[in-house]
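For the record, in the sequence shown the residue sitting at position 411 is 423 according to our numbering, with numbers rising by one throughout.
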Amino acid sequence: MALDGGFVYCLAAELREHLQDARIDKIHQPSREELVLAMRSKSGTYKLYMSARVQAPRVHLVTETPENPSTPPMFCMLLRKRLGGGKLTAIRQDGLERVLYFDFDCVNELGDHVLLTLSCEMTGRHSNIVLIEGGKVVDAIKRVDFAMSDIRPILPNVPYAPPAPFTNRLSPLEYDGEAIVAAVRSGRGGELSGALLGVTQGFSPLVCREIASLTLRRQQKSCDELTEEEWERLRFYIDRVRKTLLTGERRVPYLLRTSDGVPSAFSYMLITQFGLSAVGAERESLSELLEAFYSEKDKAERLRAKSHDMLKLLVNASARVERKLQRQREELAVSAEREQKRLYGDLLMAQTYAVPAGAKEAVLVNYYDENAASIIVPLDPALNAAANAQKYYKEYRKAQTAERVLKEQIEAGERELRYLDSVLDALSRAASIAELAEVRRELSESGYIRETDKRKKAPALLGPMRFRTADGFAVAVGRNNMQNDQLTLRTARGRDLWFHVKDIPGSHTVLFTDGQEPTEQAIREAAILAATHSKAASSSQVPVDYTLVKHVHKPSGAKPGMVIYEHQKTLYVTPDPMLAARLKEK
13 MALDGGFVYC
23 LAAELREHLQ
33 DARIDKIHQP
43 SREELVLAMR
53 SKSGTYKLYM
63 SARVQAPRVH
73 LVTETPENPS
83 TPPMFCMLLR
93 KRLGGGKLTA
103 IRQDGLERVL
113 YFDFDCVNEL
123 GDHVLLTLSC
133 EMTGRHSNIV
143 LIEGGKVVDA
153 IKRVDFAMSD
163 IRPILPNVPY
173 APPAPFTNRL
183 SPLEYDGEAI
193 VAAVRSGRGG
203 ELSGALLGVT
213 QGFSPLVCRE
223 IASLTLRRQQ
233 KSCDELTEEE
243 WERLRFYIDR
253 VRKTLLTGER
263 RVPYLLRTSD
273 GVPSAFSYML
283 ITQFGLSAVG
293 AERESLSELL
303 EAFYSEKDKA
313 ERLRAKSHDM
323 LKLLVNASAR
333 VERKLQRQRE
343 ELAVSAEREQ
353 KRLYGDLLMA
363 QTYAVPAGAK
373 EAVLVNYYDE
383 NAASIIVPLD
393 PALNAAANAQ
403 KYYKEYRKAQ
413 TAERVLKEQI
423 EAGERELRYL
433 DSVLDALSRA
443 ASIAELAEVR
453 RELSESGYIR
463 ETDKRKKAPA
473 LLGPMRFRTA
483 DGFAVAVGRN
493 NMQNDQLTLR
503 TARGRDLWFH
513 VKDIPGSHTV
523 LFTDGQEPTE
533 QAIREAAILA
543 ATHSKAASSS
553 QVPVDYTLVK
563 HVHKPSGAKP
573 GMVIYEHQKT
583 LYVTPDPMLA
593 ARLKEK
């Protein structure tokens, strides 16, 4: 990655082209560290995305916006109140610092025009988005109190101070290649790219390595080993990058991918240093470049953050049930020895005459043994023979009852464990915040999550995923247990076909027949969809059971998604995400 000061400088120029005199239409805050400003100008409507996330701070235009929470955060409400309808008058950058200032002409509650500035600080772990008025902080997306930093606190009504700039570094906007080369030559030496990085402002390690690679023609040399010709080439390439920044010549939004297609780096210029180990491609704009680079990573990160608490809850609940089952199985093993208790009681009742008073044990004849062997029976010396026998009978009945209760509890615990596993599977496959909300709602209704706000309106249920087989049959796949119940028990009809992976958590899948006889191809494709949307998605030759919907029943009191079925057939298929993507209805 290379979101350096030079990239921010080029990005600011691009944003000015589109957003000059644009007005804010809507403001959203998808997560704790993200903002989206919907803006309209004479040239069209745009969505300006800002992120203060430590791993990916940035600002650019987007075409697809993240999902918004049902209740906007307080900072979002403040921005709507203060910035709503504001007109963008300037986008500023101090030198090549990784901070962009967006100045807005706004109208306050008294009808007066005021200048508000939104500072987007893209400075790694100190990244932030700050609203400023009259040189003072109105509020920030991440507040920094005096305990966190007594040098640069960011709190309401505290004077705003920009991030501290790098000192003793030369800005390519002000110094040409000759001055920068002179600084490198008078420095500490070492590897050329590192030396160049140490004396310049706004050049990322990626850009410095590219300049060094072009200068040395992909060789590795220290500064002490450079010839005069190589120093001259260094000056030439520095000036060429300067010209790219200042005039836009050779400015190319460039995205690099690894050999397996994963985005690995980006820049505002061509990058050749990786040779054949990376594949580069030009993009339409710097904003489109950033959106392409971060889209998949951001989506996964947002879902991970949103699902973290539920994942922790499910893992802890599963571990708790496992421990409980382990104890119950140990108790069941002990109760299995109850027949010995009954034997002792029978022998004592039959041979009371052979038990001396106050004895700690008695040697009795075991009439149940074919050889009538003797057996030693432990005794309570405070009790007589009959009382000891009654004691053993009582322990036998207690163990008998315990076995029955323990078997029921173990069966219930195993059912709960299977249910938690099914929720974990649904959580792992959730592809949107709305799907995560449904999983949370299910856990709340099942008693695993206690909702603090009872007045909060539950989100509307999503529909199942829709597919259509190659020969035209409709297929629906539930996203989670609540959808599985809705699909199987209410939407599907008796003659439709129901699919589910055998003894593995997964989605309920229904092939709608509409009274027709389904083809073998439709049945196989529906089975592949069921396997693809299950815990066995990465396996091969997955067994998938299928039967008529009328043979699927939900036991009384069963948890969401839990059903029993009969008259099933089994088909072995290999999950195929590519097939699922082709069959999915748009």
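Note that the Cβ used here is the ideal one computed from N, Cα and C, for glycine as well.
When only Cα atoms are considered, L128 and E447 end up about 37 Å apart.
Nearest to G260 by C-alpha distance, out of D251, L267 and N492, is D251. Contact between H30 and Y58 holds: CB atoms are separated by about 6 Å, below the 8 Å threshold. According to the DSSP secondary-structure assignment, W510 is paired through a beta bridge with V522 and T559.
Of all C-beta pairs linking the stretch 317 to 334 to the stretch 295 to 307, fewer than three are shorter than 8 Å, placing the two stretches out of contact. For G202, the secondary structure class from DSSP, reduced to helix, strand or coil, is coil. Between A397 and L355, the CB-CB gap reaches or exceeds 8 Å. Annotated as distal: D515 and T544, with beta-carbon spacing of 8 Å or more. For Y58, the enclosing beta strand (DSSP E) covers residues G56 to S63. Note on geometry: alpha-carbon atoms of S440 and A549 lie some 11 Å from one another. R197 and Y280 have their C-alpha atoms spaced approximately 27 Å apart. CA-to-CA, the gap between Y266 and E133 works out to about 23 Å.
Considering only L268, R35 and F278, the residue with the shortest C-alpha distance to S289 is L268.
Beta-carbon to beta-carbon, N140 and A152 are separated by about 6 Å, close enough to satisfy the 8 Å threshold.
In the DSSP assignment, A488 is bridged to R478 and V522. If you draw a 10 Å sphere on the C-beta of L258, you find fewer than 16 other C-beta atoms in it, and that means exposed. Taken atom to atom, the span from the alpha-carbon of I36 to that of R594 is near 39 Å. Within the same chain, Cβ atoms closer than 8 Å to the Cβ of H138 are found at P175, the five residues on either side in sequence being excluded.
The alpha-carbon of A194 is positioned some 24 Å away from that of Q285.
Using a Cβ distance threshold of 8 Å, T521 and D483 do not count as a contacting pair.
Rounded to the nearest angstrom, the gap between the Cα atoms of E529 and V564 is 19 Å.
Taking C-beta atoms under 8 Å as the contact rule, A539 and F511 qualify, at a distance of about 6 Å. Judged by beta-carbon spacing, N180 lies beyond the 8 Å limit of K148, meaning their Cβ atoms are not closer than that value. According to the DSSP assignment, L112 belongs to the beta strand (DSSP E) that extends over V111 to V119. Remark: three or more beta-carbon pairs, one from each stretch, lie closer than 8 Å, so the stretch 204 to 224 and the stretch 182 to 193 are flagged as touching.
In this chain, G292 is not harboured by any alpha helix (DSSP H); it is covered by the beta strand (DSSP E) spanning A290 to E294.
Nearest in C-alpha terms to E457, of all of V375, Y306, D381 and K571, is K571.
Boundaries of the beta strand (DSSP E) around I39: R35 to H40.
Spatial neighbours of E597 in its own chain (CB-CB distance under 8 Å, excluding positions within 5 residues in sequence) are listed in chain order as R478, F479 and R480. V333 places its beta carbon less than 8 Å from that of L432. DSSP, read as helix, strand or coil, puts V193 in helix. Rounded to whole angstroms, K38 and V253 show a C-alpha spacing of 37 Å. If you draw a 10 Å sphere on the C-beta of M86, you find fewer than 16 other C-beta atoms in it, and that means exposed. With 16 or more other CB atoms across the displayed protein chains lying within 10 angstroms of its CB, G18 is buried.
For R441, the uninterrupted alpha helix (DSSP H) segment begins and ends at A397 to R441. If you keep only unbroken alpha helix (DSSP H) runs of at least 4 residues inside the stretch 572 to 596, you get 589 to 595.
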